[in-house]
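Participant: Protein chains in written order, with our numbering: chain R, 1 to 367; chain A, 368 to 734. Beta carbons are placed, not taken as given, at the ideal position from N, Cα and C, and that holds for glycine. Since we're looking at a predicted model, the values are computed, not measured.
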């Protein structure tokens, strides 16, 4: 049995150098409940880029033999303290073919699984079956590569909406693979969704999926459009992957303007309607700026899939996973801009492309 | 029975003029459960100033006969829409002597009560007994003037801490009357409290009350001092009356730095410790700026006494009111910089003084 792997690793040294390289490793034999999987496809999610490149200055990217290096600015080093010197494997999720298994799972050899749990940018991955979804016979690896992060996040938004007694959602930026899944989920379930996108092309994309409320933040009429879409849906909950800047603030102010329409008298503390904004990403790592024109009944907070899954009812999470497996080529289908090998993931020109974080561009690593 | 009152009123006209004047009114006779009270003392709280002056340009303050006027900037008018043309009485709370009462409460005539419910900057106030606290025989009106807003807010912070499973509190700015009450409450109950103040004098003031953790935001060592005080108390909850700027962000980042000390490995999403910041005032009406160096387990939101009281268990609120009445000259004592009459409240020189919002300065209106 071939148990020799190559893993993409990211290391930051004490003197401020980020190093990416392929580390040869030899994996143990799978024990009970474990699978040894040949990784065939793993997406490059924004959350992966955070671990891969950290706060490195991408202009300083240099090829050094088989590795890539880049400088980490001094000001960013304190936050990196806990990872200094550690060779960290990368890649949250992926899919591949089972090449060996614990005795109890021997019947799965040859089958494809979707996997979640890190270290996916590798030739091989040893993993517990409980961190996998068994794919149907004949499924493509690419179809199973991204069945965790985006699908469970989108379903997590809807579950959060229900848990916190909201009835509709505002999402920005909404044209991403995740955003498209959310459009389809909300359509299926009849949930009001306000999609904030950044260009007319993205408006067309989401309208093509059947989205009802798509507002373009690049349009002059954005503020009015957003307010009317919020009025139509009754959304009092938003999810924002941008993080920095004023998007969440803009959304909460629009929600308050809508709530004010139903107020019978003046209240200097604003409406009593709770307006909740969650920041679930940091595409813009700059400060979140809140212009508090939305009274005192508001909350803004971080939303993270891992925290959500830890707190959620296990039966709910299991139901989500089963739904994702059932609808992997429909509701939860992802689209990729390009496929690259592990070696290409260390090619500076390719790195420049997949780190751009453009909405709608998505890379798939096929080790 | 004298039922002729004078009420301080605030009006904003459609063309952007704020007008403050004294309105002669004649009150009805008190019915069952009601008291007619001669107002003898009412504090000027920041929340009162919000209603009195709104967003008016204080440099444009002009005396017009018996009234004061000021311009409201155009940009601030949309948010004022709901109050245009309304003559709004001012003054959240106060104390005075019962001059008449419904038949069921006739025994209270001549007694002093503390009151809550607006329209307190007036000669007389007709009020339900359920909105009053009966003061002990011989109590001064000044002692009962501020038994609602600050005391219930301070107790509300502690209740919120318990409800949301935190164990200590950070408060800024902490030298206010409210801050001093919070120091005494936390001492009584053995609760860790980090007091953020803005000058060495304020450090001395709170240390004089026996406060353990007082950090001065004007000191070079502020960041370190704050972090160590948070480490000592284990505070993961903060209340910030400043609102604008970076105070809440600074506190959450310090909490995260403390949480990071107990992390065993690197987590690019930050610690799992929930860091909660509440904004309960807007001394700085500028944007709240959040530098998200505190991972994904964080929440910032508005905190308002009225909303807290609406949601709280009535028995809890009743217990709070009884405690405030018992401890009105100790834990819940307020201190005033100056006493002014209703007429003086419309004197531009006096207005300039009481609208300064300096921590530790507090005015009492004695109609």
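1. Whose C-alpha, out of A:639, A:550, A:611, is nearest the C-alpha of residue 645 (chain A)?
2. Under a three-way DSSP split, which group does residue 94 (chain R) fall into?
3. Does the beta-carbon of residue 263 (chain R) have 16 or more other beta-carbons within 10 angstroms, so that it is buried, or is it exposed?
4. Counting beta carbon pairs with one atom in the segment 658-666 of chain A and one in the segment 508-525 of chain A, are three or more of them shorter than 8 Å?
5. Less than 8 Å between CB atoms is the rule here; does residue 456 (chain A) satisfy it with respect to chain R?
6. Rounded to a whole number of angstroms, what is the C-alpha to C-alpha distance between residue 464 (chain A) and residue 701 (chain A)?
7. Quick one, which residues of the segment 664-680 of chain A are near chain R if we go by CB-CB under 9 Å, in chain order?
8. Classify residue 654 (chain A) as buried or exposed, calling it buried when 16 or more other Cβ atoms lie within 10 Å of its own Cβ.
9. Suppose the cutoff is 7 Å on Cβ atoms and the five residues either side in sequence are ignored; what does the same chain contact list for residue 573 (chain A) look like?
10. By Cβ distance, which residues of its chain are closer than 6 Å to residue 254 (chain R), with the 5 residues on each side in sequence left out?
11. So within the segment 615-691 of chain A, which uninterrupted alpha helix (DSSP H) runs reach at least 4 residues, ignoring any that extend past its ends?
12. For a minimum of 4 consecutive residues, which ranges assigned as the alpha helix (DSSP H) are wholly contained in the segment 385-448 of chain A?
13. Can you tell me whether DSSP reads residue 374 (chain A) as helix, strand or coil?
14. Determine which residues share a DSSP beta bridge with residue 482 (chain A) and list them.
15. Compare the C-beta of residue 153 (chain R) against all C-beta atoms of chain A and say whether one is closer than 8 Å.
16. For residue 289 (chain R), go through chain A and note every residue whose CB falls closer than 9 Å to its CB, in chain order.
17. Taking DSSP's pairing of strands, which residues face residue 533 (chain A) in a bridge?
18. Would you grab the beta carbon distance between residue 670 (chain A) and residue 647 (chain A) for me? Rounded to a whole angstrom, and I think it's under 8 Å.
19. Look up residue 489 (chain A) in the DSSP assignment and give the residues it is bridged to.
20. In whole angstroms, what is the alpha-carbon distance linking residue 8 (chain R) and residue 21 (chain R)?
21. For residue 523 (chain A), name the three-state secondary structure that DSSP assigns.
22. Note down, in chain order, each residue of its chain lying with its Cβ closer than 7 Å to the Cβ of residue 252 (chain R), except the 5 sequence neighbours on either side.
23. Report the neighbours of residue 450 (chain A) on chain R: residues whose CB is nearer than 7 Å to its CB, in chain order.
24. Determine the extent of the alpha helix (DSSP H) in which residue 225 (chain R) is found, giving its start and end residues.
25. Determine the chain R residues that contact residue 418 (chain A) at a beta-carbon separation under 8 Å, and present them in chain order.
26. Anything in the segment 241-261 of chain R with a Cβ closer than 9 Å to a Cβ of chain A? List those residues in chain order, please.
27. To the nearest angstrom, report how far apart residue 368 (chain A) and residue 476 (chain A) are at their CA atoms.
28. Under 8 Å Cβ-Cβ, which residues of chain R neighbour residue 444 (chain A)?
29. Judging by CA-CA distance, which residue of R:13, R:63, R:301, R:10 is the nearest neighbour of residue 160 (chain R)?
30. Show which residues of chain R have a CB atom less than 9 Å away from the CB atom of residue 484 (chain A).
31. Using a Cβ distance threshold of 8 Å, determine whether the segment 412-421 of chain A contacts the segment 489-507 of chain A, with at least three qualifying pairs required.
32. Report the rounded CA-to-CA distance for residue 234 (chain R) versus residue 489 (chain A), giving the unit in angstroms.
33. Out of curiosity, what's the CA-to-CA distance linking residue 331 (chain R) and residue 324 (chain R)?
34. In the DSSP assignment, the alpha helix (DSSP H) including residue 550 (chain A) goes from what residue to what residue?
35. Would you identify the three-state DSSP class for residue 474 (chain A), choosing helix, strand or coil?
36. What residues are listed by DSSP as bridge partners for residue 100 (chain R)?
Facilitator: Well, looking at it:
1. For this step, residue 645 (chain A) is matched to residue 278 along the second chain. Taking the Cα of residue 645 (chain A) as reference, the smallest distance to any Cα among A:639, A:550, A:611 is reached at A:611.
2. As a first step, residue 94 (chain R) is located in the first chain; it is residue number 94 there, counting from the start. Residue 94 (chain R) falls in the strand class under three-state DSSP.
3. If you number the first chain from 1, residue 263 (chain R) lands on position 263. The residue in question, residue 263 (chain R), is exposed, as its Cβ has fewer than 16 Cβ neighbours within 10 Å.
4. Counting Cβ pairs under 8 Å, fewer than three are found: no touch.
5. Your numbering for residue 456 (chain A) matches position 89 in the second chain. Output row for residue 456 (chain A): interface = no.
6. Residue numbering aside, residue 464 (chain A) sits at position 97 when the second chain is read from its first letter. Residue numbering aside, residue 701 (chain A) sits at position 334 when the second chain is read from its first letter. Taking C-alpha positions only, residue 464 (chain A) is separated from residue 701 (chain A) by approximately 19 Å.
7. Per Cβ criterion, the list reads 664, 665, 666, 667, 668, 669, 670, 671, 673, 674, 677.
8. As a first step, residue 654 (chain A) must be located in the second chain, where it is residue number 287. It counts as buried.
9. Start at 1 with the first residue of the second chain, and residue 573 (chain A) comes out as number 206. Closer than 7 Å at the Cβ level, and outside the excluded window around residue 573 (chain A), lie 541, 542, 550, 562, 564, 581.
10. Here residue 254 (chain R) corresponds to residue number 254 of the first chain, with the count starting at 1. Excluding residues up to 5 positions away in sequence, 226, 227, 230 lie with their Cβ nearer than 6 Å to the Cβ of residue 254 (chain R) in the same chain.
11. Qualifying alpha helix (DSSP H) stretches, in chain order: 672-678.
12. Considered as a whole, the segment 385-448 of chain A harbours 413-420 as its complete alpha helix (DSSP H) runs of no fewer than 4 residues, in chain order.
13. The residue given as residue 374 (chain A) occupies position 7 in the second chain. Strand, per DSSP.
14. Here residue 482 (chain A) is taken as the residue at index 115 of the second chain, counted from 1. For residue 482 (chain A), DSSP records a beta bridge to A:461, A:499.
15. As a position in the first chain, residue 153 (chain R) is number 153, starting the count at 1. No - not a single Cβ of chain A is within 8 Å of the one on residue 153 (chain R).
16. As a working note, residue 289 (chain R) is residue 289 in the first chain. Residues of chain A whose Cβ lies closer than 9 Å to the Cβ of residue 289 (chain R) are, in chain order, 654, 655, 656, 657.
17. Position 166 of the second chain, counted from the first residue, corresponds to residue 533 (chain A). Answer is none; residue 533 (chain A) lacks a bridge partner.
18. Working through the second chain from its first residue, we reach residue 670 (chain A) at position 303. Working through the second chain from its first residue, we reach residue 647 (chain A) at position 280. With 8 Å as the limit, residue 670 (chain A) and residue 647 (chain A) qualify as a contact, their Cβ atoms being about 4 Å apart.
19. Translated into positions along the second chain, residue 489 (chain A) becomes position 122. Note: residue 489 (chain A) sits in a beta bridge opposite A:374.
20. Along the first chain, one-based indexing puts residue 8 (chain R) at 8. Along the first chain, one-based indexing puts residue 21 (chain R) at 21. Going from the Cα of residue 8 (chain R) to the Cα of residue 21 (chain R) covers about 6 Å.
21. As a working note, residue 523 (chain A) is residue 156 in the second chain. Correct three-state label for residue 523 (chain A): helix.
22. Position 252 of the first chain, counted from the start, is the residue given in the question as residue 252 (chain R). Only 275, 277, 294, 298 meet the Cβ criterion.
23. For the purposes of this step, residue 450 (chain A) is identified with residue 83 of the second chain, where counting begins at 1. For residue 450 (chain A), the residues of chain R that pass the 7 Å Cβ criterion are 266, in the order they occur in the chain.
24. The count along the first chain starts at 1 and reaches residue 225 (chain R) at position 225. Taken as a continuous stretch (DSSP letters only), the alpha helix (DSSP H) holding residue 225 (chain R) covers 222-233.
25. Along the second chain, read from residue 1 onward, the residue named residue 418 (chain A) stands at position 51. The contacting residues are 268.
26. Across the segment 241-261 of chain R, CB contacts with chain A closer than 9 Å involve 243, 244, 246, 249, 257, 260, in sequence order along the chain.
27. To locate residue 368 (chain A), count along the second chain from 1; it is residue 1. To locate residue 476 (chain A), count along the second chain from 1; it is residue 109. Distance between residue 368 (chain A) and residue 476 (chain A), taken at the CA atoms: about 12 Å.
28. The residue given as residue 444 (chain A) occupies position 77 in the second chain. Listed along the chain, the chain R residues whose CB falls inside 8 Å of the CB of residue 444 (chain A) amount to none; the nearest CB is some 13 Å away.
29. To locate residue 160 (chain R), count along the first chain from 1; it is residue 160. Comparing alpha carbon positions, the residue from R:13, R:63, R:301, R:10 closest to residue 160 (chain R) is R:301.
30. For this step, residue 484 (chain A) is matched to residue 117 along the second chain. Close partners of residue 484 (chain A) in chain R (Cβ separation under 9 Å) are lacking, with about 14 Å as the shortest Cβ gap.
31. No: the two stretches stay apart, fewer than three of their Cβ pairs being nearer than 8 Å.
32. What you label residue 234 (chain R) is simply residue 234 of the first chain in a count that begins at 1. What you label residue 489 (chain A) is simply residue 122 of the second chain in a count that begins at 1. Each residue's alpha carbon lies about 41 Å from the other.
33. Along the first chain, one-based indexing puts residue 331 (chain R) at 331. Along the first chain, one-based indexing puts residue 324 (chain R) at 324. Going by the C-alpha atoms only, they are around 8 Å apart.
34. By 1-based counting over the second chain, the position of residue 550 (chain A) is 183. DSSP places residue 550 (chain A) in the uninterrupted alpha helix (DSSP H) bounded by 544-556.
35. By one-based count along the second chain, residue 474 (chain A) stands at place 107. Here residue 474 (chain A) carries a helix assignment [DSSP, helix/strand/coil].
36. By one-based count along the first chain, residue 100 (chain R) stands at place 100. Secondary-structure assignment with DSSP links residue 100 (chain R) through a beta bridge to R:36.
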